[in-house]
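Student: Respectively, the protein sequence lines represent chains A and B. Count along the first sequence starting at 1, add 1192, and that's the number in the numbering used here. Count along the second sequence starting at 1, add 119, and that's the number in the numbering used here. For every residue, glycine included, the Cβ atom is placed at its ideal position computed from N, Cα and C. Remember, predicted model here, so these are calculated numbers, not experimental data.
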Amino acid sequence: MRFSEAKNHRVMSVNDAATVGKVQRIAVDPTTSTIAGLKLRKTPGEGDSLAWSELSAFGRDAVTIDSADRIVRATGDLQRLLGKDHAVLGKRVLSVGGVDLGTVTDVDFDMGSGAVISVITERHEIPGSGIVGLGSYALVVDTARP
Amino acid sequence: MSVLMRATEVIKRPVVTLAGEAVAQVKDIVYEGDGGHVGGFTLAGRGLFAGPLKVALGWESVSALGNDALMIRDEGVFEAPEQVVSRSTARRGDVLGSRVMTDDGTELGTITDVILGVTDVADVIGYEIDSSPALGKDGRRVLIPLPDTLSISGEALMLPSAAKEFVSDDLAGFGAAVQEFRTRLAGGGAT
């Protein structure tokens, strides 16, 4: 699934069949090239963050969790990666050789594992395994990595 | 394959870690080996009013110098500015405005930029000059190749006269011109 499709995805808790939020932003962990978690809006409580490991499923039409208690205030790495300055969409992409490859227009990911399949810019499609780093300035990629 | 770039375009280029953070920008290039190649960089902070930083970068710590960014592993590779600047054997990278002469006594023009050929090293392979009438280029800016070694003083730079035949109008094709020029010189062919 693409980030562009996943945005505004409904988040539902299984125990009471209620909508407990909508996906606002998706965070990528550059060290594992996987989804780290989701930032939500319209949540019932103070929390607005969901770690990927807390999901029951990322489905075609909704994200499910067993209960709204899974939604927390992010701390540590998840907080950093969910921050606006680490948002992947719109981020400048630089090769390890120092060449600008455009800005991220979309990300394709595996709904089952959370693995990033590819990062898409205006001109390039880079395999998720090529992600080297993600900072406030750029997403750094190695296009030669298999 | 070397990537060609103008030295003035390297100035202000962002210095970016592999973790994707822009931690500095290039303030100036430090040349070493009699100005023949890049030894490192002095750095400035990012942003309009940021001043010089108290750190510098040796060439061996550069992961890559690309057309859009200078990549480093992390901020741990920074050195004290004295360490990098002290490598500069002479201020010979500072050639802007110098006159370029040939060994047959023709003035080719004045230097407006340094052309770098970047691979694992960043070699000074040519200069951009405001051409003199002798080149018949209507005073346009052109690129001239450099031999491996050259004579240079604060006053002028002396080139073999054959350099005239390998002048390029832009960076495309200039790499080949430099190669041919150097091959000609090495072959000791008649000029």
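Between A:Val-1291 and chain B, is any beta-carbon pair separated by less than 9 Å?
Tutor: yes
Student: Is the CB of A:Ser-1287 under 9 Å away from at least one CB in chain B?
Tutor: Using a Cβ-Cβ cut-off of 9 Å, A:Ser-1287 counts as an interface residue toward chain B, since at least one Cβ of chain B sits closer than that to its own.
Student: Residues of chain B with CB closer than 7 Å to the CB of A:Leu-1232, please, in chain order.
Tutor: Ordered by position in chain B, no residue passes the 7 Å Cβ test against A:Leu-1232, which lies about 25 Å from the chain.
Student: Suppose the cutoff is 8 Å on Cβ atoms and the five residues either side in sequence are ignored; what does the same chain contact list for B:Ile-130 look like?
Tutor: Once the five neighbours on either side are set aside, the close Cβ partners of B:Ile-130 are Val-145, Lys-146, Asp-147, Ile-148.
Student: Starting from the C-beta of A:Leu-1270, find all residues in its chain whose C-beta is less than 8 Å away, skip the five residues before and the five after it, and write them out in chain order.
Tutor: Ala-1219, Ala-1228, Gly-1229, Ser-1241, Ala-1243
Student: With a threshold of 16 other CB atoms inside 10 Å of the CB of A:Arg-1252, please say whether the residue is buried or exposed.
Tutor: Flag for A:Arg-1252 reads exposed.
Student: If you reduce the DSSP assignment to three classes, tell me which class B:Arg-211 lands in.
Tutor: In this prediction, B:Arg-211 has a pLDDT of 48, which is less than 50 and means its spatial position is unreliable; what the coordinates show is noted afterwards. In the three-state reduction of the DSSP assignment, B:Arg-211 falls in the coil class.
Student: Compare the beta carbon distance of B:Leu-123 and B:Leu-290 with 9 Å and say whether it is the shorter of the two.
Tutor: In this structure, B:Leu-290 lies closer than 9 Å to B:Leu-123 by Cβ.
Student: Can you tell me the Cα-Cα spacing of B:Asp-184 and A:Thr-1295, whole angstroms?
Tutor: Per the sequence shown, residue 184 of chain B should be read as Leu rather than Asp. Going by the C-alpha atoms only, they are around 20 Å apart.
Student: Tell me the DSSP bridge mates of B:Tyr-150?
Tutor: B:Val-157
Student: DSSP three-state call for A:Thr-1226: helix, strand or coil?
Tutor: strand
Student: Which runs of the beta strand (DSSP E) fall wholly inside the region 1251-1334 of chain A and span at least 3 residues, in chain order?
Tutor: 1254-1257, 1284-1287, 1292-1301, 1308-1313, 1317-1319, 1323-1326, 1331-1333
Student: Roughly how far, in whole angstroms, is the beta-carbon of B:Pro-200 from the beta-carbon of B:Ala-175, given that I think they are within contact range, below 8 Å?
Tutor: The Cβ separation is near 4 Å, so the contact holds.
Student: Taking the alpha carbon of B:Pro-264 as the point to measure from, which residue in B:Gly-224, B:Val-214, B:Gly-258, B:Phe-293 has its own alpha carbon closest?
Tutor: B:Phe-293
Student: Below 7 Å on C-beta distance, what does B:Ser-182 contact in chain A?
Tutor: Val-1288
Student: Return the bridge partner residues of B:Gly-311 from the DSSP annotation.
Tutor: The first residue shown for chain B is 120 and the last is 310, placing residue 311 of chain B beyond what the model contains.
Student: Determine contact between the region 1322-1336 of chain A and the region 222-229 of chain B, defined as no fewer than three beta-carbon pairs at a distance below 8 Å.
Tutor: no
Student: Within a Cβ cutoff of 7 Å, which residues of the same chain sit near B:Leu-172, ignoring the five residues on either side of it in sequence?
Tutor: Ala-143, Leu-162, Ala-163, Gly-164
Student: Name the chain A residues that come within less than 8 Å of B:Leu-189, Cβ to Cβ?
Tutor: Gly-1290
Student: Let me check understanding here. Comparing Cα to Cα, which of A:Ala-1254, A:Ala-1266, A:Arg-1194, A:Arg-1217 lies closest to A:Leu-1232?
Tutor: A:Arg-1217
Student: Is it the case that the Cβ atoms of B:Phe-300 and B:Ala-275 are separated by a distance below 9 Å?
Tutor: Taking C-beta atoms as the reference points, B:Phe-300 and B:Ala-275 fail to come closer than 9 Å.
Student: Just the C-alpha distance for A:Lys-1214 and A:Thr-1256, rounded to the nearest angstrom, thanks.
Tutor: One C-alpha to the other measures close to 11 Å.
Student: Taking only beta-carbon positions, decide if B:Gly-195 is within less than 9 Å of chain A.
Tutor: So, not an interface residue.
Student: Could you please give the first and the last residue of the uninterrupted beta strand (DSSP E) stretch that includes A:Ser-1196?
Tutor: In this chain, A:Ser-1196 is not harboured by any beta strand (DSSP E); it is covered by the alpha helix (DSSP H) spanning 1195-1198.
Student: So with Cβ pairs under 9 Å, would you call A:Ser-1328 a contact of chain B?
Tutor: yes
Student: Among the candidates B:Arg-206, B:Val-135, B:Ile-234, B:Asp-193, whose CA atom is the shortest distance from the CA of B:Gly-158?
Tutor: B:Arg-206
Student: Express the C-alpha separation of B:Val-219 and A:Pro-1319 in angstroms, rounding to a whole number.
Tutor: 49 Å
Student: Going by DSSP, what residue range makes up the alpha helix (DSSP H) through B:Glu-128?
Tutor: 126-129
Student: Identify which residue in B:Ala-141, B:Glu-247, B:Thr-136, B:Ala-295 has its Cα closest to the Cα of B:Ser-180.
Tutor: B:Thr-136
Student: Buried or exposed: which applies to A:Asp-1208, given that a residue is buried once 16 or more other Cβ atoms fall within 10 Å of its Cβ?
Tutor: exposed
Student: Could you list which residues in chain B have their beta carbon closer than 8 Å to that of A:Leu-1281, in chain order?
Tutor: Neighbours of A:Leu-1281 on chain B: none; closest Cβ ~15 Å, over 8 Å.
Student: What are the boundary residues of the beta strand (DSSP E) that B:Leu-254 is part of?
Tutor: Element bounds for B:Leu-254: n/a, residue is neither H nor E.
Student: Among the candidates A:Asp-1221, A:Arg-1194, A:Thr-1235, whose CA atom is the shortest distance from the CA of A:Arg-1202?
Tutor: A:Thr-1235
Student: From this set, A:Arg-1337, A:Arg-1194, A:Ala-1254, which residue's C-alpha is nearest A:Ala-1210's C-alpha?
Tutor: A:Ala-1254
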